[in-house]
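*Asks:* I'd like to ask some things about the structure below.
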Amino acid sequence: RQGITPAHLFGHNLKSLALQCHTAKLQHIITQARTTRLINLEIEGEKQPRSVVIREIQRAEPSGQLLHVDFYQVHKTERITVDVPIVLVGESPALKGKGRLLTMGVTSLSIECLPSKLPPRIEVDLSSLEEPEQTIRVRDLTLPPDITVITDPDQLVVKVSEAALERVEEVVTKAEEAVVEEEPE
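One point on numbering: in UniProt numbering, the residue at position 134 of the sequence shown is 134, and numbering is uninterrupted.
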């Protein structure tokens, strides 16, 4: 493979095309663009670059060596469906209490939009989580009107909960108190 990674280009109304890419350059593009940025893919022998997104990345386990990449050619006037990563921002006041945990549900959202409106990430502000057991679900997220969320609106994004250890300690303490009260005199 000598520094070459196979790739595939496909798209709506497009004949699939097998490609070979320089691995180092491809790795750099993957690091910069991830799967949510438009890339101008230059193909040898073609005058104009093609607008694409990375659809799939295959790596060898456990080395992480790049094996194959699928590119999806987009048309600027056609909506595309893409999984966009969720990034947590802000601080939750509910996490300041002892033994509080933040549980993350979905780590990305499947959205549909025009390629020019594709966000690199979806930011979720944790500052609205003020009490334990509060949640943020997909339906609670506010996105621009030109983006359609495909992910189930009831899916959990984040939840603040109290550690189970504290609850166990409370139960043990109450059980010990009950035993002390029941002891004969």
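Beta carbons: idealized from backbone N, C-alpha and C, even for Gly.
Whose C-beta lies closer than 7 Å to the C-beta of residue 197 among residues of the same chain, with five residues either side of it excluded?
*Replies:* Since the displayed the chain opens at 1 and closes at 185, residue 197 lies outside it and no answer follows.
*Asks:* Counting C-beta neighbours from all protein chains within 10 Å, is the total for Val-69 16 or more, i.e. buried, or is it exposed?
*Replies:* Label assigned to Val-69: buried.
*Asks:* Are there three or more Cβ pairs, one per stretch, closer than 8 Å when the region 88-99 is compared with the region 111-129?
*Replies:* yes
*Asks:* Please report whether the beta-carbon of Lys-76 lies at a distance below 8 Å from any beta-carbon of chain B.
*Replies:* Absent from the structure is chain B; it holds one protein chain and no more.
*Asks:* Please go through the same chain and pick out, in chain order, the residues whose beta-carbon is closer than 6 Å to the beta-carbon of residue 207, but skip the five residues on each side of it.
*Replies:* Missing from the structure shown is residue 207; the chain here goes from 1 to 185 and no further.
*Asks:* Within the present structure, is the beta-carbon of Val-149 separated from the nearest heavy atom of the ligand FAD by less than 7 Å?
*Replies:* Among the ligands in the structure shown, none appear at all, so the ligand FAD cannot be discussed.
*Asks:* Do Thr-151 and Val-106 have their beta-carbon atoms positioned less than 8 Å apart in this structure?
*Replies:* yes
*Asks:* By Cβ distance below 7 Å, which residues in the same chain neighbour Asn-13 in space, the five residues on each side in sequence not counted?
*Replies:* Within its own chain, no residue has a Cβ closer than 7 Å to the Cβ of Asn-13 once the five positions on either side in sequence are excluded.
*Asks:* Among the candidates Gln-2, Gly-99 and Lys-117, whose CA atom is the shortest distance from the CA of Leu-143?
*Replies:* Lys-117
*Asks:* Could you please give the first and the last residue of the uninterrupted beta strand (DSSP E) stretch that includes Ile-80?
*Replies:* 80-89
*Asks:* Please determine, among Asp-146, Tyr-72 and Lys-96, the residue with the shortest C-alpha to C-alpha distance to Leu-41.
*Replies:* Tyr-72
*Asks:* Taking all protein chains shown into account, decide if Ile-136 is buried (16 or more other Cβ within 10 angstroms of its Cβ) or exposed.
*Replies:* buried
*Asks:* What are the boundary residues of the beta strand (DSSP E) that includes Gln-27?
*Replies:* Premise fails: Gln-27 lies in the alpha helix (DSSP H), 23-33, not in any beta strand (DSSP E).
*Asks:* The beta strand (DSSP E) spanning Arg-50 covers which residue range?
*Replies:* 50-59
*Asks:* Helix, strand or coil, according to DSSP, for Ala-7 in the structure here?
*Replies:* strand
*Asks:* Less than 7 Å between C-beta atoms, sequence neighbours within five positions excluded: which residues of the same chain meet that for Gln-65?
*Replies:* Arg-59
*Asks:* With 16 as the cutoff for other CB atoms within 10 Å, does Gly-3 come out buried or exposed?
*Replies:* exposed
*Asks:* Taking only the alpha-carbon atoms, compute the straight-line gap between Leu-67 and Thr-31 and give it to the nearest angstrom.
*Replies:* 15 Å
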